[in-house]
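Okay, structure first, notes after.
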Amino acid sequence: VVDSINLAVTAETTADEKAQRIRWIQRSAESSENLVYHLVRAIHLAGRCIDCGECERACPLDIPLRFLNKKLEKEAKELFGYEVGFDAALPALVSCFRDEDPQDFIR
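Going by my numbering, the sequence shown opens with residue 9, and the numbers climb by one from there.
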């Protein structure tokens, strides 16, 4: 269990203490870890991405991340009728379901 109170990073946290913290995904040039990070991030952004392009601008390797995000946006619209940015009052796509959603794996 990760205790965010006792493991909180403060101004007094030393570099050595930070290096000893639990790491879920390493900061590295390992393609497998970068792939996992971007897939998890893309799923998290499904239904949230407004196609601002900041992800591609910030990517040091010029990975076309908008392509992946647009693909998930298209699938969200086709499968669930969900349009990103259409109504700010709607819950996030990954946090809700309707009875008429395809497949019943979530029930």
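Where a beta carbon is used, it is the ideal one built from N, C-alpha and C, also for glycine.
Assign residue i to one of three DSSP states: helix, strand, or coil.
i      : result
PHE94  : coil
VAL9   : At VAL9 the pLDDT is 42, less than 50, meaning the model places this residue with poor confidence and gives no usable figure here.
ARG49  : helix
VAL17  : coil
ALA66  : helix
ASP107 : coil
ARG56  : coil
ALA100 : coil
Which one of the options has the shortest CA to CA distance from residue i?
i     : options                        : result
LEU87 : VAL102, ASP95, LEU73 and THR18 : VAL102
CYS60 : LEU73, ASN42, GLU20 and VAL48  : LEU73
LYS82 : LEU53, THR18 and ALA23         : LEU53
LEU47 : ILE71, LYS26 and GLY89         : ILE71
TYR45 : THR21, ALA19, ASP107 and CYS67 : CYS67
LEU69 : GLN28, TYR90, ASN42 and THR22  : ASN42
Is the beta carbon of residue i less than 8 angstroms from the beta carbon of residue j?
i     : j      : result
VAL92 : CYS57  : yes
GLY55 : ALA96  : no
LEU76 : ALA100 : no
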